[in-house]
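The working numbering numbers the first residue of the sequence shown as 15 and each following residue consecutively.
By construction, the Cβ of each residue, glycine as well, lies at the ideal position given by its N, Cα and C atoms.
Encoded as structure tokens, the structure appears first; notes follow it.
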Amino acid sequence: MASSEAKVVAYLILIVEAGREYEVLRKLYEMEPVVEAHIVYGEYDVVAKLEVPDLKTLEEVVMSIRRIPGVSKSTTLISA
């Protein structure tokens with residue numbers, strides 16, 4: 015995969031308050047850096063793929079996602 019501009023790709027896995035999964039999913043899809051988001055079953059509730067230009071932007075996006083009502087906990091995985 016060739017691209018003229020480098021991007022930081024990260025996966026954000028979320029634990030969400032029971033019953034708020036679809037609400038959080040809708041909010042994620044309103045955010046431009048979110049290229050994919052899915053409800054999953056198991057220890058985590060939502061997984062989102064983010065593409066941003068740099069780590070500073072990633073930090074800003076992750077902080078805004080953590081402020082979404084219903085998000086209890088998040089883990090960020092930065093792709094190598």
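(request) In angstroms with no decimal places, state the Cα-to-Cα distance between Ala20 and Gly84. (result) 32 Å
(request) With a cut-off of 8 Å on the beta carbons, I'd call Pro47 and Val75 a contact; round off their distance for me. (result) 5 Å
(request) Starting from the C-beta of Thr89, find all residues in its chain whose C-beta is less than 7 Å away, skip the five residues before and the five after it, and write them out in chain order. (result) Ile27.
(message) Let me check one thing: in DSSP terms, what residues is Ile82 bridge-paired to?
(response) Ile82 pairs with nothing; no bridge assigned.
(message) Does Tyr25 come out as helix, strand or coil in the three-state DSSP assignment?
(response) Note: Tyr25 maps to strand in three-state DSSP.
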